[in-house]
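A.B. asks: After the structure tokens below, expect a handful of questions from me.
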Amino acid sequence: MGLGQHEVLHLLGAVRQRHGRWPDCRNHPALAGGRSGGRGASDRPLPLGGDRPGACVRPNGELIPVHRHQGLAAGGLGAPEHASRRCVCGCRRAQQPDPDPGRPAGDERLPGLALDVWLARLPAEVDRRGGDPARGPEHSRPCRSLWGDLCVDRPTGARATAWREPGVLAAARNAGLFQPGVFGLQGLKPGRSSLSGVPDPISDHANLAAALDLAASEAKAYLAGIDDALVRPRTSNATPDVDLPDEGIGSLAALAELIESADEGSTRSAGPRFFHFVMGGGTPAALGADWLASTLDQNAYNWISSPFAARLEQVTVGWLQDLFGLPGDWGGVITTGATMANFACLAAARRWWGLQRGVDVEADGLSGLPPMTIVSSGYIHVSALKAIAMLGLGRDRVQRLSRDGAGRIDLDALASVLQERNQEPVVIIANAGDVNTGDFDPLADILAIGRKHRAWVHVDGAFGLFAAVSPITRHLVEGLEDADSVAVDGHKWLNVPYDSGYAFVRDPAYLAGAFAASASYLGKDAAARPAFGNLGPEMSRRARSLAVWATLRAYGRSGIRSMVERHLRLAQRVAAQVDAAPDLERLADVPLNVVCFRFHPPGFPEDRLDDLNRRLGEMVLDDGRVYFGTTVYDGKVAVRPAIVNWRTREEDVDLIVTAVRELGARVIVQVAPGWSQAKPAQGAAEEPAAPGEVVQPQR
């Protein structure tokens, strides 16, 4: 086999040694004929002992020291948290505190000169003794492609002499790595034109442990800085737009390329100041369990495909029903999110509706049946509308019975519609948690009307259903146990990683009837054994129950309640700050965890406020200190930060009002440059931060 990328990184001292030992080089002799500081005379490839991930060389019988870095020494996400971080293209990162300040001095690496490897094109005219003079010694120009030629981060000053010492780079040069304008090795077998080409995944098997170590170290470094990082990076290094390669580069090289793009291009959506889209993050228990789910790689279709996944989902669904106060004899299934949870629940409702008319719609279809009557308030979420469309029921046929511009339901109109249908089957969608304000439809009243007219009442509680876990907000879901179906998200307030949602149906037979499927090769489980692939739209199913079970087992009912109540307090804190600011206007009450408000400087023309706040929303996203977008509520453009992340603290939410007022003062100049009556958004003694200045939360 040719020299793999992992071995190359070991040659250059860029991959940590597991267990902190010197590399064993006895089976890996160096090439003869090499000279210090230059390319070896021999064209023979470097002999390596099999696929050993710890392979290195021994020039002149001397061992080469290796970094004990976690992952790539100069890599984007995985450099030591306490070190000054340099990505593979040479850009410096902010320093992170030493996670173990009490360790002995010098314990971070093995003795000897350590090399920070970075990867970029190496033109023929590069002066190897001093770096590329066109770029300077720091190599600050980002590279467009990660895998160009292997270079070394040239030290300056006192380190420059040490960098040129014999034996440090001789082994790499002897191996033929340092060739002008070339990224490859001499002497590779035919068909192996690249340094780390992998003709078949089985040949990459030896790198499995190293790939997992690299991913783990990068993940730890990423999460170590997520609390204080900008939510959206100022620059985005997108994944290169290249054609499908004929030959692969190997797992470690592919992961490193992915890491480079992810570090610069990912929003810190799992962090404490991401208030957009009602998104949570992954708790330690959930994230660890989610990694295990990928490792175990179970298909949670039925008992035959995975007894463990089937039984765990059965237990987890029961725990969730208990958490939300739903009867234990309901049916339930884990889905990808609220969209598919709504889909599953409304598919069960469609089956009920068809059977009320004597038709099995799953077997015979909807042809010949009248349109289904579906009613809701103006709070109906787009995910429910999407589910209705996918079910062939017609999203434009939904009757929105609103009594005001905000979307609150008109109960009298609801009763009238049901009365007019004269006991015909009707589906009502009630909303537990409006996405703009966190407001609730009056569930108890809707359920009472639904029971009277024998309607199917579905409750969309994507995030609002968590009101049930706290006595402070439990009144908002009063009567929930009388619903016919309920949908909720897990990757919102439960804080499990994407994607995770839950569908619950009072009569499990409707859920099974809507999704049951059979084939001879699938096998037949006993009735007592769960087959969740027949209770939802997916048959090939990730074992999502692991993250949910681990979260509930780790923190229990009281832990989830404590987190929810902390978020409730933080939302009230933001609301109070909005009310106290003379240039902010709160547009709705705050019954839960969403604060809907807008920037409204005194005296600013009303007809220009929408444009002002729309521009402000764009600036908030670009600024990156906090992260939330705009919406339209009651005909007004507004912002609506939602607080659901398990990491969020007071100092995080305090930045919401600070950032909006600072940025609002600047956006006025863009929207109304001639408006002279605008008052400063800050207090009399406080000036807005400079455009390039970033105010971070104080921890």
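When you line the sequence shown up against this note's numbering, it's residues -5 to 693, in that order. C-beta atoms are modelled at their ideal positions from N, C-alpha and C, and glycine is treated no differently.
#1: Tell me whether the beta-carbon of T431 lies closer than 9 Å to the beta-carbon of L564.
#2: Buried or exposed: where does G495 fall if 16 or more other Cβ atoms within 10 Å of its Cβ makes it buried?
#3: Quick one: residues in its chain with C-beta nearer than 8 Å to the C-beta of T277, no 5 flanking neighbours on either side, listed in chain order?
#4: In this structure, what does DSSP give as the bridge partners for A294?
#5: Decide if N416 is buried, meaning its Cβ has at least 16 other Cβ atoms within 10 Å, or exposed.
#6: Using the beta-carbon count (16 or more within 10 Å), is H199 buried or exposed?
#7: Could you tell me the alpha carbon to alpha carbon distance between I637 and G242, rounded to whole angstroms?
#8: Taking only three categories from DSSP, how would you classify R394?
#9: May I ask you to report which of helix, strand or coil DSSP gives I328?
#10: What's the call for E258, buried or exposed, on a 16-neighbour Cβ count within 10 Å?
#11: Using a Cβ-Cβ cutoff of less than 7 Å, which residues in the same chain neighbour N336 once the five nearest sequence positions on both sides are dropped?
#12: Would you check if the distance between the CB atom of W450 and the CB atom of S479 is smaller than 9 Å?
#13: Select from V572, N528, F271 and K214 the residue whose C-alpha is nearest the C-alpha of A513.
#14: In the DSSP assignment, find the unbroken beta strand (DSSP E) run with F593 in it and report its ends.
#15: With a 10 Å radius around its C-beta and 16 neighbouring C-beta atoms as the bar for buried, classify V633 as buried or exposed.
#16: Quick check on this structure: which residue in C339, S370 and A357 has the alpha carbon closest to the alpha carbon of Y504?
#17: Does the distance from the CB of F269 to the CB of V620 come in under 9 Å?
#18: For S370, name the three-state secondary structure that DSSP assigns.
#19: Could you tell me if Q315 is buried or exposed, where buried requires 16 or more neighbouring beta carbons within 10 angstroms of its beta carbon?
#20: Please state the DSSP three-state secondary structure of A303.
#21: Looking at C-alpha atoms only, which residue of L459, G331, D577 and G326 is the closest neighbour of A304?
#22: Quick check on DSSP: helix, strand or coil for T310?
#23: Can you look up S556 in the DSSP assignment and give me helix, strand or coil?
#24: Quick one: grab the DSSP three-state call for T642.
#25: Put A506 into one of helix, strand or coil per three-state DSSP.
#26: Would DSSP call S245 helix, strand or coil?
#27: Between the alpha carbons of V654 and F593, how many angstroms are there, rounded?
#28: Which residue comes first and which comes last in the alpha helix (DSSP H) that contains Y216?
#29: Since R580 sits in a beta bridge, which residues does DSSP pair it with?
#30: Considering only C-alpha positions, which residue in the set L516, Y492 and P524 is nearest to A506?
#31: Would you report the Cα separation of A256 and L238, rounded to the nearest angstrom?
#32: Which residues bound the beta strand (DSSP E) around K630?
#33: Note down the Cα distance separating V236 from A248, rounded to an integer number of angstroms.
#34: Do G668 and L610 have their C-beta atoms within less than 9 Å of each other?
#35: Assuming contact is defined by CB atoms lying nearer than 9 Å, are V353 and I422 in contact in what I supplied?
#36: Please confirm whether T624 and R602 have their CB atoms less than 9 Å apart.
C.D. replies: Inspection of the coordinates gives the following:
#1: Start at 1 with the first residue of the sequence shown, and residue 431 comes out as number 437. Start at 1 with the first residue of the sequence shown, and residue 564 comes out as number 570. No, these two residues do not count as a Cβ contact at 9 Å.
#2: Here residue 495 is taken as the residue at index 501 of the sequence shown, counted from 1. So G495 ends up on the buried side.
#3: Here residue 277 corresponds to residue number 283 of the sequence shown, with the count starting at 1. The answer, listed in chain order, is N489, V490, T545, A548, Y549 and W640.
#4: The count along the sequence shown starts at 1 and reaches residue 294 at position 300. Partner(s): none; A294 has no beta bridge.
#5: Looking up residue 416 in the sequence shown gives position 422. Per the 10 Å Cβ criterion, exposed.
#6: Here residue 199 refers to the residue found at position 205 when the sequence shown is read from its first residue. H199 is exposed by the Cβ-count criterion.
#7: Locating residue 637 in the sequence shown gives position 643, counting from the first residue. Locating residue 242 in the sequence shown gives position 248, counting from the first residue. Spanning the two alpha carbons is a distance of roughly 43 Å.
#8: Within the sequence shown, numbered from 1, the residue matching residue 394 stands at position 400. In this structure, R394 counts as strand in the three-state DSSP scheme.
#9: As a position in the sequence shown, residue 328 is number 334, starting the count at 1. DSSP places I328 in strand when its eight states are reduced to three.
#10: Here the question's residue 258 lines up with position 264 in the sequence shown. With 16 or more Cβ atoms within 10 Å of its Cβ, E258 is classed as buried.
#11: Working through the sequence shown from its first residue, we reach residue 336 at position 342. Excluding positions up to five away in sequence, the list reads S377, A378, A381, D454 and A481.
#12: Residue 450 sits at position 456 when you count from the first residue of the sequence shown. Residue 479 sits at position 485 when you count from the first residue of the sequence shown. The answer is yes: Cβ separation under 9 Å.
#13: Sequence index remark: in the sequence shown, residue 513 carries index 519 (1-based). Closest by alpha carbon: N528.
#14: Here residue 593 is taken as the residue at index 599 of the sequence shown, counted from 1. Residues F591 to F593.
#15: The count along the sequence shown starts at 1 and reaches residue 633 at position 639. So V633 ends up on the buried side.
#16: Your numbering for residue 504 matches position 510 in the sequence shown. Nearest option by C-alpha distance: C339.
#17: Within the sequence shown, residue 269 is the residue found at index 275, counting from 1. Within the sequence shown, residue 620 is the residue found at index 626, counting from 1. In contact: F269 and V620 (Cβ atoms closer than 9 Å).
#18: Sequence index remark: in the sequence shown, residue 370 carries index 376 (1-based). Strand, per DSSP.
#19: Counting from one through the sequence shown, the residue named residue 315 turns up at place 321. The residue in question, Q315, is buried, as its Cβ has 16 or more Cβ neighbours within 10 Å.
#20: For the purposes of this step, residue 303 is taken as residue 309 along the sequence shown, with counting starting at 1. DSSP places A303 in helix when its eight states are reduced to three.
#21: Here residue 304 refers to the residue found at position 310 of the sequence shown. Minimum Cα distance to A304 is reached at G326.
#22: As a first step, residue 310 must be located in the sequence shown, where it is residue number 316. Helix at T310.
#23: Counting from 1 along the sequence shown, the entry for residue 556 is found at position 562. Of the three classes helix, strand and coil, the one that applies to S556 here is helix, per DSSP.
#24: Position 648 of the sequence shown, counted from the first residue, corresponds to residue 642. Residue state, collapsed to three classes: coil.
#25: In the sequence shown, counting from the first residue as 1, residue 506 sits at position 512. Looking at A506 - three-state DSSP - the assignment turns out to be helix.
#26: Taking the sequence shown and counting its residues from 1, the one referred to as residue 245 is at position 251. Here S245 sits in helix by DSSP.
#27: In the sequence shown, residue 654 corresponds to position 660, counting from 1. In the sequence shown, residue 593 corresponds to position 599, counting from 1. Near 7 Å, if we compare the C-alpha coordinates of F593 and V654.
#28: Translated into the one-based positions of the sequence shown, residue 216 becomes position 222. Where Y216 is concerned, the enclosing alpha helix (DSSP H) stretches over L202 to A218.
#29: Counting from one through the sequence shown, the residue named residue 580 turns up at place 586. Paired residues: F591.
#30: As a working note, residue 506 is residue 512 in the sequence shown. Of L516, Y492 and P524, the residue nearest in Cα terms is P524.
#31: One-based indexing of the sequence shown puts residue 256 at position 262. One-based indexing of the sequence shown puts residue 238 at position 244. Rounded to whole angstroms, A256 to L238 spans 19 Å at the Cα level.
#32: Taking the sequence shown and counting its residues from 1, the one referred to as residue 630 is at position 636. Start and end: K630 to V633.
#33: Within the sequence shown, residue 236 is the residue found at index 242, counting from 1. Within the sequence shown, residue 248 is the residue found at index 254, counting from 1. Their Cα atoms are separated by approximately 13 Å.
#34: Taking the first residue of the sequence shown as position 1, residue 668 is located at position 674. Taking the first residue of the sequence shown as position 1, residue 610 is located at position 616. No, they are not a contact pair.
#35: Locating residue 353 in the sequence shown gives position 359, counting from the first residue. Locating residue 422 in the sequence shown gives position 428, counting from the first residue. Taking 9 Å as the Cβ cut-off, V353 and I422 do not qualify as a contacting pair.
#36: Within the sequence shown, residue 624 is the residue found at index 630, counting from 1. Within the sequence shown, residue 602 is the residue found at index 608, counting from 1. It is not a contact, given that the beta carbons lie outside the stated cut-off.
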